[in-house]
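*Asks:* Take this structure, written in structure tokens, and hold onto it; I'll ask about it next.
Right under this line is the structure:
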């Protein structure tokens, strides 16, 4: 709780009404499904909505896999290519990433975390 008082040439005034301290709820980011846009036979643009969380998201991990496959591959945002492990995450506030070098004619699905 907090209260404020002020002073002028006459002296100190009364304390203000006591106010409670506001502390926002802290929670991990939650994301909606991303959108995929085919750019050509072997590349897509993946977009997602900004995560509304406190504190704000700093990085996003983007993963793609061929539809029907079990294993996901991570997108390296520096090269825009799929990698087995590691790779550079997408820095917020960016909410899209182009992915190149995909197998032509193969459908893909994406997930963002």
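In full-length UniProt numbering, the protein residues as written are 1 to 113.
From the three backbone atoms N, C-alpha and C, an ideal C-beta is built for every residue, glycine too.
From a predicted model like this one, the values you see are computed outputs, not experimental measurements.
1) Once you ignore the five residues that flank residue 50 on each side, which residues in its own chain have a CB closer than 7 Å to its CB?
2) So, does the segment 61 to 79 touch the segment 8 to 19, judging by three or more C-beta pairs under 8 Å?
3) Would you mind giving the Cβ-Cβ distance between residue 101 and residue 81, rounded to the nearest angstrom? I have them listed as a contact below 8 Å.
4) Hey, out of 46, 91, 88, whose CA is closest to residue 108's CA?
5) Mind reading off the beta-carbon distance from residue 113 to residue 31? Whole number of angstroms is fine, and I expect it under 8 Å.
6) If you draw a straight line from the C-alpha of residue 53 to the C-alpha of residue 29, how long is it?
7) Taking the C-alpha atoms as reference points, what is the distance between residue 79 and residue 33?
8) Which two residues bound the contiguous beta strand (DSSP E) that contains residue 46?
9) Hey, residue 17 and residue 99: beta-carbon distance below 9 Å or not?
*Replies:* By the coordinates alone:
1) 93, 95
2) no
3) 5 Å
4) 46
5) 7 Å
6) 5 Å
7) 23 Å
8) 43 to 47
9) no
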